[in-house]
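Chemist: Just passing along the structure, written as structure tokens.
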Amino acid sequence: MLNNKSILITGGTGSLGKELTKTILKKWPHVKRLVIYSRDEQKQFQMAQEFPESEYPAIRYFIGDVRDLERLKRAFNGIDYVIHAAAMKHVHIAEYNPDECVKTNIGGAENVIKACLSSNVTKVVALSTDKACAPINLYGATKLTSDKLFIAANNIKGQQDIKFSVVRYGNVMGSNGSVIPFFMNKRNEGVLPITDVNMTRFNISLQGGVDMVLHALDAAWGGELFVPKIPSYKILDVAQAIAPNCEHRVVGIRPGEKVHEEMITSSDSFTTYDLGKYYVILPQVTNWNLEDYKDTFNAKLVPQGFSYTSGENQEWETVESMREQIKEHLYPDFEAK
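First residue of the sequence shown? That's 167 in this note's numbering, and the numbers climb one at a time after it.
Dropping the structure here:
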């Protein structure tokens, strides 16, 4: 799929960007170019030690900000596929710096779309978040706006051969700033801060997130918002899995946080289809035939009123399953203590 193609990842030095890079270089050894685009020179320097251009001749490192339209246009020259992962992602930081969040998450999305339409890019996949579903915080609201912009971009492409789609998933296990590395650092202090004892979250591995992006690149017709079927976890089970001997100290929910997350609301159910491994929320108006889409993917409309929330999920991680995943995916020498 990606051999002889040029791919650019915005925010490519992040957790998912690095895992995408690893997967692409391993699975498609004849990829033409893989451009890592981000604004953090230190992270690019560190990533270049892991994936040096001398060993991986297809890889390139571009310093740039998604707020800079001209730089994006220059970077997208000769690119076939764009994966848009750049964003301000921390809820409480976005609440405190709202204008900066808007500039990056909304203005940056607009710039990526404009740069793609000005280039010969043919496929675009934008990364979203469960916090964009019925958002109560600024981060979620900006990502919902970004989602809408990318989906609507299919309506303004004219005769260009380009498809825009979105992937939405829950907390990526072990990603920067997530709860597992946070608890791992805190457990040596003997106390784990718990925001709310009832809190739940969706859980997806880095590789699961990568697989979703690659699925969208391969299968999207344009305008889809893909949602994975993934388990939930209880925050107390994560604490028990990592540090069963630590005290739990309830510190309260931070501004903008929910007790439970959503990925599909009941209002979305009218255009949500079950694809088997994934759900997909389709736009109300498409530029392709819906019946053909349903036949191609055996897509089945979900019941009216259907919603997909971490607190009412049908699949759950256990204390033991969390320990197994932490050891397998994050910390090979992990032991609960």
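Glycine residues also receive a C-beta, built at the ideal position from the N, C-alpha and C atoms.
Please read all numbers here as calculations on a predicted model, not as lab measurements.
Mind checking whether ASP384 and MET167 have CB atoms under 8 Å apart?
Modeler: yes
Chemist: In the DSSP assignment, the beta strand (DSSP E) including LEU358 goes from what residue to what residue?
Modeler: 357-360
Chemist: Pick from HIS196, ILE302, ASP458 and GLY178: whose alpha carbon is nearest that of VAL248?
Modeler: GLY178
Chemist: Ignoring anything shorter than 4 residues, give me the alpha helix (DSSP H) runs that lie fully in the stretch 303-372, in order along the chain.
Modeler: Scanning the stretch 303-372 from its first residue to its last, the whole alpha helix (DSSP H) runs of 4-plus residues come out as 304-318 and 345-352.
Chemist: I'd like to know if ASP265 contacts chain C, where contact means its C-beta is closer than 8 Å to some C-beta of that chain.
Modeler: The displayed structure is made up of one protein chain only, and chain C is not part of it.
Chemist: Whether or not the stretch 262-269 and the stretch 332-339 are in contact is what I'm after, with contact meaning three or more pairs of Cβ atoms, one per stretch, closer than 8 Å; do they touch?
Modeler: no
Chemist: Report the residue ranges of all alpha helix (DSSP H) runs contained in full by the stretch 367-427; include only those spanning at least 4 residues, in chain order.
Modeler: 372-385 and 401-408
Chemist: Scan the stretch 209-297 and note each continuous alpha helix (DSSP H) run of 4 residues or more that stays entirely inside, going in chain order.
Modeler: Taking only runs of at least 4 residues, the alpha helix (DSSP H) segments lying wholly in the stretch 209-297 are 235-241, 257-262, 264-268 and 274-283.
Chemist: Find out if the Cβ-Cβ distance for the pair ALA251, SER331 is shorter than 8 Å.
Modeler: no
Chemist: Cβ of THR437 within 8 Å of Cβ of ILE447?
Modeler: yes
Chemist: For LYS255, count neighbouring Cβ atoms within 10 angstroms of its own Cβ and tell me buried if that reaches 16, exposed if not.
Modeler: buried
Chemist: Helix, strand or coil for TYR497 per DSSP?
Modeler: coil
Chemist: Go to THR176, then tell me how far its beta strand (DSSP E) extends in each direction, as first and last residue.
Modeler: 172-176
Chemist: Roughly how many angstroms separate the alpha carbons of VAL278 and LEU238, rounded to a whole number?
Modeler: 7 Å
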